[in-house]
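Heads up, the thing below is written out as structure tokens.
Chains as they are written, first to last, in the numbering used here: chain A, 877 to 1231; chain B, 877 to 1231.
Shown next, in the form of structure tokens:
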């Protein structure tokens, strides 16, 4: 703590991302990265973007990338905002649409960055407790609120709620913005993007880090009514006019255009996930049905913390949250089939030694 | 205006960056970009960073880049923060070190993003009026304040104040943070980086957009006591864990290591600037002595607004600020010798037609 810190910086509790170890080679299934490389066409586009023009600022309006995104969802450029990863877009949404005062609502078990944003921007929040199956009690989201944020599918549980529930929430909260964080939607469930033209209070936030294998490039985006997009723009233009560099703009655009590659890798991950789920259950693991590129799992014979530690010692990195209600679970990202076989082999040995 | 906008987003007045026209080819000397390409070694490093690993998040602590920056200034990694352009670093500094209440101080004519940050983060400010020669009355910065921010050299005037003045300010404001924005320091004047180990309240903010020709890559950084760097880190980690992508990290690191290329291009720009200054004065222009990669200039025979418009019609884009005290000036970035000859030729014709 320094006497020069603002009251704000003194009081916040920053987010802690999953480890990005530089020391040794792990089987790294801890931060939901995609095990497959980005589209070869995206790689080519990125390389082509590197040259003399790097000396020039990028397009501050990111028109070409926004057009490419709009095209994917049958929307227009005015419905699209792009940012430096979906985390930045989420932060801007908290600033643009939530006020100090009336609390916003989100689940007690969800992306742990939401309370961080709330504390940073002085937004009160009320936690909605998931039931014992980690299902969201949708009826409890239908009361007065200053905004709602739902990760769908949810992280780290992997559970999805249907668009009928999302619509119910949008209708009952028509005085506040409902943010649907679809970071993992490409691995299961149906996107709410088709509702953008129907509900002016819907903001969808998505990332290209997971399903497009671009975590290292930092591209996220939002879809919504153009008034909401303008709100985000006003925040962005009060912080940093250019948040995406020339290489990221070019690579993301081309990755979106390569729909075939996207679909192939996405399906491979879904198939691996379903296979891993089955194998884990065969070993006595409880595994929540996942609509994402990770599984959330626990076992009666060993605590989450201990299993995390033993796996790490064996060179396998998964994510453990030392938090109430989920401290017995591990979140395991879906890697290649080879990586998951190593993981299954390792947990098999650990569980056997416990029996 | 939308009913869904927060009070914050309703009340801000966002920054408007210089035009980045996509319509036709201009001689573009309006946003202080470097006319020379980045170091060939940086180009190679960026290309090498593009491959399968783009699927993985970048190092959230940006250790290698921070080490490279630290090395340039004989500091250590703990003295260095990196961000997505110096604008993002400035925004984080406003959040980390300034409080609502006691006003911060900055010049009435300076980087026009400072009042935008103040309004976004609800920080009161007091403008210190530059004198008629656009000099900063340093004595007026020695009274109680909630923080100080000085662009040195200043933009858009190009004027520099010496380190003796900076030290006076640091000593008298030892209860608040003094931010020295050195976006243009590589084109003239002495950096305050040597004072980092002496004053715990000094934060220097720099960009790689100008002197390193990397505007399209989005890299800025801060130098300061490790307590200040930790404050910035806490803000970053409450917004976005990864603000620099893998390509930017690699390119910036290599650009810093290529000191010879940096020095050659920087000197070429300084030589062109001095030549342009002389030629403009020969044509009757008032030109402020510049320590930057731009000149700030006016002429008795034509208003700034009209000259801007006529130049644009002739395919030459410069920056015009329609603001009190400087609305008769143009800020002209230093391009290649060829570009500046075109500019000189054009203004020559315009002025002749007025005589």
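The beta carbon of each residue, even a glycine, is placed where N, CA and C say it ideally should be. Bear in mind the structure is a predicted one, so any value in this text is a computation, not a measurement.
Residue 1077 (chain A) and residue 1162 (chain A) have their alpha carbons spaced roughly 37 Å apart.
Note that the C-beta distance between residue 904 (chain A) and residue 1220 (chain A) is not below 7 Å. Cβ neighbours of residue 984 (chain A) within its own chain (closer than 8 Å, five residues either side excluded): 1003, 1004, 1005, 1006 and 1201. Under the Cβ criterion (8 Å, minimum of three pairs), the region 894-912 of chain A does not count as touching the region 905-913 of chain B. Considering only beta carbons, the part of the region 1076-1091 of chain B lying closer than 7 Å to chain A consists of 1077, 1089, 1090 and 1091, in chain order. Looking only at B:1087, B:1196 and B:951, the smallest Cα-Cα distance to residue 1142 (chain B) is reached by B:1087. At least one C-beta of chain B is nearer than 7 Å to the C-beta of residue 880 (chain A). Residue 1187 (chain A) is not a Cβ neighbour of residue 957 (chain A), given a cutoff of 7 Å. For residue 1057 (chain B), no Cβ of chain A is located within less than 7 Å of the residue's own Cβ. When DSSP states are grouped into helix, strand and coil, residue 963 (chain B) belongs to the helix group. By the criterion of a C-beta distance shorter than 7 Å, residue 933 (chain A) is surrounded in its chain by 1118, once the five residues flanking it on both sides are discounted. If you compare the alpha carbons of A:1018, A:1123 and A:1177 with that of residue 1044 (chain A), the shortest gap goes to A:1018. Going by DSSP, residue 1104 (chain B) is part of the alpha helix (DSSP H) stretching over 1102-1112. Within the DSSP secondary-structure output, residue 1098 (chain A) pairs in a beta bridge with A:957 and A:1081. With a beta-carbon spacing of about 4 Å, residue 1089 (chain B) and residue 931 (chain A) fall inside the 8 Å limit used to define contacts.
Beta-bridge pairing by DSSP links residue 981 (chain B) to B:1002 and B:1024. The Cβ-Cβ distance between residue 1131 (chain A) and residue 918 (chain A) falls below 7 Å.
Excluding five sequence positions before and after residue 1212 (chain B), the CB atoms of its chain that fall closer than 8 Å to its own CB belong to 911, 912 and 1148, given in chain order. For residue 995 (chain B), the enclosing alpha helix (DSSP H) starts and ends at 990-996.
Close to residue 1070 (chain B), with beta-carbon spacing below 7 Å, lies no residue of chain A; the smallest spacing is near 20 Å.
The shortest C-alpha to C-alpha distance from residue 1053 (chain B) to any of B:975, B:1085, B:1067 and B:888 is the one to B:975. Excluding its 5 nearest sequence neighbours in each direction, residue 891 (chain B) has C-beta neighbours in its own chain below 7 Å: 988, 989 and 992, listed in chain order.
Your pair residue 1164 (chain B) and residue 1172 (chain B) checks out as a contact, with CB atoms roughly 5 Å apart and the cut at 8 Å.
Setting aside the 5 residues that flank it on each side, residue 1105 (chain A) is surrounded in the same chain by 954, 955, 956, 957 and 1098, each with a C-beta closer than 8 Å to its C-beta; the list follows chain order.
Chain-ordered, the chain A residues with CB closer than 8 Å to the CB of residue 974 (chain B) read 882. Contact check for residue 1024 (chain A) against residue 994 (chain A) fails: the beta carbons are separated by 7 Å or more. Ranked by Cα distance from residue 1073 (chain A), the options A:881, A:972, A:1103 and A:1033 are led by A:1103. Under the 7 Å criterion on CB atoms, residue 950 (chain B) is classed as non-interfacial with respect to chain A. The DSSP-derived three-state label of residue 1226 (chain B) is helix.
By the criterion of a C-beta distance shorter than 7 Å, residue 936 (chain B) is surrounded in its chain by 1117 and 1118, once the five residues flanking it on both sides are discounted. Taking a beta-carbon distance threshold of 7 Å, residue 1194 (chain B) does not count as an interface residue toward chain A. With fewer than 16 other beta carbons inside 10 angstroms of its own, residue 1047 (chain B) counts as exposed. Distance from the CA of residue 914 (chain A) to the CA of residue 1051 (chain A), rounded to the nearest whole angstrom, comes to 40 Å. Around residue 1137 (chain A), the same chain offers 915 as residues with beta carbons nearer than 6 Å, after the five sequence neighbours per side are excluded. Going by C-alpha positions, residue 1154 (chain A) is about 16 Å away from residue 1207 (chain A). Rounded to whole angstroms, residue 982 (chain A) and residue 1092 (chain B) show a C-alpha spacing of 37 Å.
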